[in-house]
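Participant: Before we start, here is the structure in question, set down as structure tokens.
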Amino acid sequence: HAAREAVLHVIGEKVETAQHGSSPAEEKPEKPSKAVEVPKEEIRTTPTKAKQRFSGCIIDLHVHTTPASPCSSAPIDGLIAEAKRIGLHAFCLTDHDYTWSKADVEALMEQYNYLLLRGNEVTTDQGHMLVFGLEKKIDRLIRLEELREEVNRVKGFIIVAHPFRGFLTFGVGQLGLTPDKAKERALFKRVDAIEVLNGKVTKKENAFAREVAQSLGMPTTGGSDAHEVDEIGQFATRFESLIRDEKDLLEALHDGAFSPVAYKEERGIK
């Protein structure tokens, strides 16, 4: 696997070949096991000048690595270093149609003493979906309805990524697209939340997504959609609870106690 090769390059002999890959599974336990055995108090980030004024944390839910995502030029070690520099609590590995193995991620967390969370940006007939909690390998174009069924089986979570990317190229008026019309898209009935701050779309497209989400009364998230190291953390998601592992992340997502944040702008980070 491409991501496997990247890990071996970064941490050398620390990852034994016996840990290769992750076994596809039809289902996960209702509550996934902890992502790593590192004691909770040992997972730290580098603080920034602007201190957090709440007891939760901020996580970038949408990040791509090389070579797992062919379109990315961001190596995992560089992303971790930058995330620490800007004080980001953690970030999610959401490579295209690829889920990192638990063993590889555990090895990286031990190497860098930094929290990494696994996800997957799955390609569906209704667009890209950020999926959390699903171990099963999906290496084909899948119908969103089918993906929803798979995720329900493991009590996972689906966020529709950049739902209006490219939709507003010619202007909302010219297409006659309004939030009321847009919210009728069938896909919104099959996802749990909507990404309304994405680093790869226009301000207008992000604003439109937010309007649709508000009209539907759905939870909203933010993610950088980073494909280069310096893009991580542009947008992120603020959680009211402290996330220490993948179990915590899924519980927090289902609780709905989170909101999108323009992380770098809010903190004056360059």
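Using my numbering, read the sequence shown as starting at 1 and increasing by one per residue. Backbone N, C-alpha and C fix where the C-beta goes; we use that ideal spot for every residue, glycine too. Note that the coordinates shown come from a computational prediction; the quantities given were computed from them, not determined experimentally.
1. Would you mind reading off the limits of the alpha helix (DSSP H) that contains A81?
2. Could you spell out the range, first to last residue, of the beta strand (DSSP E) harbouring D60?
3. Looking at the structure shown, is A213 part of a helix, part of a strand, or coil, going by DSSP?
4. Who does G256 pair with in a DSSP beta bridge?
5. Checking the sheet assignment: what are the DSSP bridge partners for I142?
6. To which residues of the same chain is A257 closer than 6 Å at the C-beta, ignoring the five residues directly before and after it?
7. Taking the continuous alpha helix (DSSP H) assigned at L108, which residues delimit it?
8. Which runs of the alpha helix (DSSP H) at least 4 residues long sit entirely within the stretch 179-257? Give them in chain order.
9. Just checking, does the stretch 240-250 make contact with the stretch 70-83 on the three C-beta pairs under 8 Å criterion?
10. Quick one: using the 10 Å Cβ neighbour count with 16 as the cut-off for buried, is R143 buried or exposed?
11. Quickly, what does DSSP pair H96 with across the bridge? List them, please.
12. Tell me whether C92 counts as near the ligand PLP, meaning its Cβ is closer than 7 Å to at least one heavy atom of that ligand.
13. For G127 and P179, which I take to be in contact (beta-carbon distance under 8 Å), what is that distance rounded to the nearest angstrom?
14. Should V191 and N206 be called a contact, given that it needs their Cβ atoms to be closer than 8 Å?
15. I need the DSSP call for V151, collapsed to helix, strand or coil.
16. Please classify P24: is it buried, with 16 or more other beta-carbons within 10 angstroms of its beta-carbon, or exposed?
17. Sorted by chain position, which residues of the same chain lie with C-beta nearer than 6 Å to R44's C-beta, five sequence neighbours on each side aside?
18. Spell out a yes or no on whether the stretch 143-157 and the stretch 82-99 are touching, meaning 3 or more CB-CB pairs, one atom from each, closer than 8 Å.
19. Report yes if the C-beta distance between G119 and C92 is below 8 Å; otherwise report no.
20. Nearest-angstrom Cα distance between S224 and K102?
Facilitator: Per the coordinate set shown:
1. From DSSP, the alpha helix (DSSP H) with A81 extends over 76-85.
2. In this chain, the beta strand (DSSP E) harbouring D60 covers 57-63.
3. Secondary structure at A213: helix, using DSSP grouped into helix, strand and coil.
4. BP columns for G256 are empty, so no partner.
5. The beta-bridge partner set that DSSP reports for I142 consists of T124.
6. Excluding residues within five positions, the ones whose Cβ falls inside 6 Å are E240.
7. Looking at the DSSP string, the run of the alpha helix (DSSP H) that includes L108 is 102-112.
8. As far as the stretch 179-257 is concerned, its whole alpha helix (DSSP H) runs of at least 4 residues are 179-182, 203-216, 246-255.
9. No, because fewer than three Cβ pairs between the stretch 240-250 and the stretch 70-83 fall closer than 8 Å, the two stretches do not touch.
10. By the 10 Å Cβ count, R143 comes out exposed.
11. According to DSSP, which records beta bridges pairwise, H96 is partnered with E121.
12. The ligand PLP is not part of this structure, which contains no ligands at all.
13. Actually they do not touch by this definition, with Cβ atoms about 17 Å apart.
14. Taking 8 Å as the Cβ cut-off, V191 and N206 do not qualify as a contacting pair.
15. Note: V151 maps to helix in three-state DSSP.
16. Legend: pLDDT at P24 = 38, less than 50; position of this residue unreliable, value from coordinates given subsequently. Counting the other Cβ atoms within 10 Å of the Cβ of P24 gives fewer than 16, which makes it exposed.
17. With a pLDDT of 41 at R44, under the threshold of 50, the modelled position of this residue cannot be trusted, and the question is left open.
18. Contact fails: fewer than three Cβ-Cβ distances are below 8 Å.
19. C92 sits close to G119, with the two beta carbons spaced by under 8 Å.
20. Rounded to whole angstroms, S224 to K102 spans 23 Å at the Cα level.
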